[in-house]
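Data block below; observations after.
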Amino acid sequence: MTDTRTLAAPAPAGIFPASPANLLIGATAKAGTSGVVRGIEAATGAELEPAFGGATAADLDAACALAAAAVDPYRALPLEARAAFLEKIAANILEIGDNLIVRAMAETGLPRPRLEGERGRTVGQLCLFAGVVRDGGFLDLRIDRSLPERTPLPRSDLRLRNVPVGPVAVFGASNFPLAFSVAGGDTTSALAAGCPVVVKAHSAHPGTSLLVGEAVRKAVADCGMPEGVFSLLYDSGRSIGQGLVADPRIAAVGFTGSRGGGTALMKIAAAREVPIPVYAEMSSINPVVLFPAALAARGADIARAFVGSLVLGAGQFCTNPGLVIAVEGEGLDGFIAAAATALGVQDAATMLTPGILAAYDSGVAKLAVNAAVGIVARGAAGEGPKGQAALFTTTADAFLADRALHEEVFGAASLVVRCAGPADVEAVLGALEGQLTAALFMDAGDHDAVRPLLPLLERKVGRILVNGFGTGVEVCHAMVHGGPFPSTADGRSTSVGSLAIARFLRPVCYQDLPDALLPPELKGEGAPNMPVRRDGKLVRGSVE
Ligand code: NAP
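In my numbering, the protein residues as written are 1 to 544.
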């Protein structure tokens with residue numbers, strides 16, 4: 001039998017030399033010398049050329065030293081320069097052209113339209129954050145003017161602004177090689193906040209990472225930024241990633257990946273002499289609750305839409321609908337029958353990595369042998385290493401009794417929980433761990449059933465959505481892509497949308513600092529055309 005993993009597939013011609021200078025340490029590009037990180041063609045398991053060298057401890061030290069040195073010069077630049085830098089990164093990513101898409105397709109198995117769309121999202125979020133930076137609202141400027149005549153005590157002059165926390169370590173996601181990787185959401189929001197970034201490249205897409213990393217490095221030079229504002233490291237084991245989180249110069253971590261990986265990094269961050277926050281987005285099964293009136297009116301339509309969301313991207317979305325909750329009855333039976341029909345004709349799909357496929361198969365196998373779980377349907381079996389969609393069912397009692405049924409199976413697998421009545425629905429939701437999303441399918445006749453569940457859902461999830469699925473996360477100002485643990489490490493924040501910038505900011509108050517020494521945006525009545533909360537009232541700059 002041929003071991004396809006030893007057959008080296010060529011990279012698209014001319015993208016990379018044989019020994020690429022893949023470590024981007026500030027302005028310097030050099031080949032890594034500590035072990036090898038190699039891309040795997042997701043569709044075949046074949047090794048992709050070239051090999052990328054891992055970083056040494058000295059490389060890590062150099063990147064962190066440059067990042068620390070860049071903190072003050074970078075944050076001192078005018079906001080306009082920071083915004084233009086983000087836009088330049090976006091332009092440089094577009095300039096890579098089709099090589100980026102071709103390489104990402106090979107490394108991830110994701111189809112062209114999906115990756116082209118993801119490139120648009122990546123560029124779009126860089127431009128969105130450029131707008132956020134220009135607006136200045138993220139600084140949360142506050143001016144409480146002195147009250148020298150106040151009795152019994154006068155009030156000092158108090159002024160507040162947010163400052164960047166310092167260098168941020170970023171671990172990108174395997175399932176978003178562009179929008180949540182080297183120049184993805186975490187990097188973009190950290191740079192927008194004024195923080196230098198050191199990225200640990202994901203080993204599932206090392207070539208894609210280098211192409212994007214070079215685009216960022218070029219933008220640093222194009223815009224005359226301090227070189228340490230961006231570095232990219234590769235890790236042939238675990239020591240560089242872990243050392244990055246442990247490095248005393250790193251002030252915060254952004255991570256998207258597994259619960260095991262995220263919690264390992266949280267422990268390292270908490271054990272440091274100076275602990276730091278880890279913003280890890282990890283596991284979520286994203287409950288979908290089907291209410292009776294909606295089921296009766298359009299159960300089969302909802303079922304088809306559900307299967308479409310479940311199999312999207314081989315189910316490799318953090319907001320994949322992994323759990324369906326509904327009260328027993330004809331409506332639910334109809335939903336399950338229609339979902340089984342729709343799922344049965346779904347083709348098996350290439351998954352991101354052999355490891356993710358193996359984890360998916362193992363999760364599905366565990367459900368299949370659970371005596372309290374029944375198989376509703378499997379998708380079509382495919383040729384070669386592919387993920388085959390799966391839908392299971394169980395009862396509320398069984399779900400409540402077995403924590404294993406609450407675990408995420410990353411991929412196109414979902415579990416329908418049959419409830420005896422509304423109390424079961426509430427009990428099942430109440431037993432869930434923290435989630436990114438909850439999707440409610442309801443009609444007007446369901447409002448009375450939904451209303452009492454909303455406070456519970458607010459405690460459990462970051463985004464409550466109606467008559468739609470969580471897949472397809474809008475990058476905008478009102479988005480929350482976060483939730484209580486373990487969906488994220490810190491449910492007070494989001495990793496998508498402009499509020500993501502708040503993770504990398506810290507407020508500083510200036511009491512009676514002379515005007516000559518205040519930062520420009522806090523001098524006098526506040527910078528013109530920037531939002532300022534003056535004596536408690538939100539105004540724009542010098543305008544009352
Ligand atoms: P992962 O294995 O956690 O890897 C994520 C990143 O962290 C990679 O760069 C990885 O390094 C690094 N890493 C992992 N464990 C580490 C450790 N103990 N010490 C230092 N670095 C560590 O996740 P993945 O492979 O990207 O995704 C697989 C799983 O993540 C899925 O099964 C799914 O459950 C989950 N996932 C969740 C979401 C979500 O949004 N909820 C999104 C994507 C994935 P290497 O590159 O060297 O492996």
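Every residue gets a Cβ at the ideal spot worked out from N, C-alpha and C, and that includes glycine. All of these numbers come straight from a predicted model, not from anything done at the bench.
Is Leu367 closer than 9 Å to Val409 when the C-beta atoms are compared?
-> For the purposes of this step, residue 409 is taken as the residue at position 409 of the sequence shown. For the purposes of this step, residue 367 is taken as the residue at position 367 of the sequence shown. Yes, the pair counts as a contact, with Cβ atoms nearer than the cut-off.
According to DSSP, is Leu7 helix, strand or coil?
-> Start at 1 with the first residue of the sequence shown, and residue 7 comes out as number 7. Its pLDDT being 40, under 50, Leu7 is placed unreliably by the model, and nothing is read from it.
Taking Gly470 as the reference, give the member of Gly434, Gly26 and Ser309 with the closest Cα.
-> Within the sequence shown, numbered from 1, the residue matching residue 470 stands at position 470. The shortest Cα separation from Gly470 among Gly434, Gly26 and Ser309 belongs to Ser309.
Assuming Gly136 and Pro520 form a contact by the criterion Cβ under 8 Å, report the distance between their Cβ atoms to the nearest whole angstrom.
-> Position 136 of the sequence shown, counting from 1, holds the residue named residue 136. Position 520 of the sequence shown, counting from 1, holds the residue named residue 520. Incorrect: roughly 11 Å between the Cβ atoms, too far for contact.
How many angstroms separate the CA atom of Val496 from the CA atom of Ala401?
-> Taking the sequence shown and counting its residues from 1, one reaches residue 496 at position 496. Taking the sequence shown and counting its residues from 1, one reaches residue 401 at position 401. Whole-angstrom Cα-Cα distance: 34 Å.
Of the choices Ile325, Ile302 and Lys267, whose alpha-carbon is the least far from that of Gln242?
-> Here residue 242 is taken as the residue at index 242 of the sequence shown, counted from 1. Ranking Ile325, Ile302 and Lys267 by Cα distance to Gln242 puts Lys267 first.
Under 9 Å, do Val37 and Gly54 count as touching if we go by C-beta distance?
-> Locating residue 37 in the sequence shown gives position 37, counting from the first residue. Locating residue 54 in the sequence shown gives position 54, counting from the first residue. Yes, Cβ-Cβ distance for Val37 and Gly54 is below 9 Å.
Heavy atom of ligand 1 less than 8 Å from the Cβ of Ala63, yes or no?
-> Within the sequence shown, residue 63 is the residue found at index 63, counting from 1. Every heavy atom of ligand 1 is 8 Å or more from the Cβ of Ala63, so no.
Rounded straight-line distance, which links the Cα of Arg249 to that of Ala565 = Given that the chain is displayed from residue 1 to residue 544, the structure contains no residue 565 and the question cannot be resolved.
For Ser414, name the three-state secondary structure that DSSP assigns.
-> Here residue 414 is taken as the residue at index 414 of the sequence shown, counted from 1. Assignment of Ser414 by DSSP, reduced to helix, strand and coil, places it in the strand class.
Straight-line gap, Asp3 to Ala43 (C-alpha atoms, nearest Å) = Sequence index remark: in the sequence shown, residue 3 carries index 3 (1-based). Sequence index remark: in the sequence shown, residue 43 carries index 43 (1-based). Model confidence at Asp3 stands at a pLDDT of 37, short of 50, so the residue's coordinates are unreliable; what they give is reported in the following sentence. Answer to the nearest angstrom: the Cα atoms are 14 Å apart.
Measure the alpha-carbon distance for Val466 versus Ala439 and round it to whole angstroms.
-> The residue labelled residue 466 in the question sits at position 466 within the sequence shown. The residue labelled residue 439 in the question sits at position 439 within the sequence shown. In this structure, the CA atom of Val466 is about 6 Å from the CA atom of Ala439.
Would you say the beta carbon of His202 comes nearer than 8 Å to a heavy atom of ligand 1?
-> As a first step, residue 202 is located in the sequence shown; it is residue number 202 there, counting from the start. In terms of side-chain proximity, the C-beta atom of His202 is found nearer than 8 Å to a non-hydrogen atom of ligand 1.
Report yes if the C-beta of Asn175 is less than 8 Å from at least one heavy atom of ligand 1; otherwise report no.
-> Looking up residue 175 in the sequence shown gives position 175. Checking the Cβ of Asn175 against ligand 1 gives yes.
Every unbroken alpha helix (DSSP H) within the stretch 268–294, with a cutoff of 4 residues, ordered by chain = Complete alpha helix (DSSP H) runs here, min 4: none at all.
To which residues of the same chain is Leu211 closer than 8 Å at the C-beta, ignoring the five residues directly before and after it?
-> Residue mapping note: residue 211 aligns to position 211 of the sequence shown, counting from 1. Setting aside the 5 residues that flank it on each side, Leu211 is surrounded in the same chain by Ile15, Ile96, Asn99, Leu100 and Arg103, each with a C-beta closer than 8 Å to its C-beta; the list follows chain order.
Validate contact between the stretch 285–299 and the stretch 257–272 using beta carbons, cut 8 Å, 3 pairs = As far as the Cβ criterion goes, the stretch 285–299 does not touch the stretch 257–272, which means the pair count is below three.
Might you give, ordered along the chain, the residues of its own chain that have their beta carbon closer than 8 Å to the beta carbon of Gly279, omitting 5 neighbours on each side?
-> What you label residue 279 is simply residue 279 of the sequence shown in a count that begins at 1. According to the sequence displayed, residue 279 carries Tyr and not Gly. These residues qualify, in order along the chain: Asp186, Ala252, Val253, Gly254, Phe255, Thr488, Ala489, Asp490, Ser493, Ser495 and Arg503.
Closer than 8 Å: is that where the CB of Ser362 sits relative to any heavy atom of ligand 1?
-> As a first step, residue 362 must be located in the sequence shown, where it is residue number 362. At a threshold of 8 Å, Ser362 does not count as near ligand 1, since its beta carbon sits no closer than that to any of the ligand's heavy atoms.
Identify, in the order they occur along the chain, each residue of the same chain with its Cβ nearer than 6 Å to the Cβ of Thr6, setting aside the five sequence neighbours on each side.
-> Position 6 of the sequence shown, counted from the start, is the residue given in the question as residue 6. The predicted model places Thr6 with a pLDDT of 37, which falls under 50 and marks its position as unreliable; any figure quoted below should be read in that light. Excluding the 5 residues flanking it on each side, Thr6 has no same chain C-beta neighbour closer than 6 Å.
Figure out for me which residue from Cys509, Asp347, Gly313 and Arg403 has the closest Cα to the Cα of Leu115.
-> The count along the sequence shown starts at 1 and reaches residue 115 at position 115. Gly313 is the residue among Cys509, Asp347, Gly313 and Arg403 whose C-alpha sits nearest the C-alpha of Leu115.
Is the beta carbon of Ile325 less than 9 Å from the beta carbon of Val289?
-> The count along the sequence shown starts at 1 and reaches residue 325 at position 325. The count along the sequence shown starts at 1 and reaches residue 289 at position 289. Yes; because the gap between Cβ atoms is below 9 Å, this pair is in contact.
Contact set for Asp247: own chain, Cβ-Cβ below 6 Å, skip 5 residues either direction = Within the sequence shown, residue 247 is the residue found at index 247, counting from 1. Taken in chain order, the residues that qualify are Cys64.
State yes or no: is the C-beta of Thr394 nearer than 8 Å to some heavy atom of ligand 1?
-> The sequence position of residue 394 within the sequence shown is 394, counting from 1. The answer is no for Thr394.
Report back the beta-carbon spacing between Ala340 and Ala377 to the nearest angstrom; my notes put them in contact at under 8 Å.
-> As a first step, residue 340 must be located in the sequence shown, where it is residue number 340. As a first step, residue 377 must be located in the sequence shown, where it is residue number 377. With a beta-carbon spacing of about 4 Å, Ala340 and Ala377 fall inside the 8 Å limit used to define contacts.
What do you reckon, are the CB atoms on Ala381 and Ala358 nearer than 9 Å?
-> In the sequence shown, residue 381 corresponds to position 381, counting from 1. In the sequence shown, residue 358 corresponds to position 358, counting from 1. Against a cut-off of 9 Å, the Cβ pair of Ala358 and Ala381 comes out as no contact.
With a 10 Å radius around its C-beta and 16 neighbouring C-beta atoms as the bar for buried, classify Asn286 as buried or exposed.
-> Translated into positions along the sequence shown, residue 286 becomes position 286. Classification for Asn286: buried.
The beta strand (DSSP E) spanning Leu465 covers which residue range?
-> Position 465 of the sequence shown, counting from 1, holds the residue named residue 465. Per DSSP, Leu465 belongs to the beta strand (DSSP E) from Val461 to Val466.
When you compare only the Cα positions, how much space is there between Arg459 and Pro484?
-> In the sequence shown, the residue the question calls residue 459 occupies position 459. In the sequence shown, the residue the question calls residue 484 occupies position 484. A straight-line Cα-Cα distance of about 8 Å links Arg459 and Pro484.
With 16 other Cβ atoms within 10 Å as the buried cut-off, status of Val543 | Indexing the sequence shown from 1 puts residue 543 at position 543. Bear in mind that the predicted position of Val543 carries a pLDDT of just 48, short of 50, making it too unreliable to give a figure here.
Distance, Cα to Cα, Ala81 vs Cys223?
-> In the sequence shown, counting from the first residue as 1, residue 81 sits at position 81. In the sequence shown, counting from the first residue as 1, residue 223 sits at position 223. Whole-angstrom Cα-Cα distance: 8 Å.
Would you check if the stretch 315–323 and the stretch 194–213 touch, i.e. whether three or more CB-CB distances between them fall below 8 Å?
-> These segments do not touch.
Just mark Val199 as buried or exposed, buried being the case when its beta carbon has 16 or more other beta carbons within 10 Å.
-> If you number the sequence shown from 1, residue 199 lands on position 199. When all chains shown are included, Val199 counts as buried.
Inside the stretch 189–247 only - beta strand (DSSP E) runs reaching at least 3 residues = Inside the stretch 189–247, DSSP marks whole beta strand (DSSP E) runs of 3 or more residues at positions 197–200 and 230–233, from first to last along the chain.
Thr47 - partner residues in DSSP beta bridges | Here the question's residue 47 lines up with position 47 in the sequence shown. Note on identity: in this sequence residue 47 is Glu, with Thr being the wrong assignment. According to DSSP, which records beta bridges pairwise, Glu47 is partnered with Ile40.
Using CA coordinates, which residue listed in Ala398, Asp59, Glu118 and Phe138 is at the minimum distance from Leu233?
-> Walking along the sequence shown from the start, residue 233 turns up at place 233. The shortest Cα separation from Leu233 among Ala398, Asp59, Glu118 and Phe138 belongs to Asp59.
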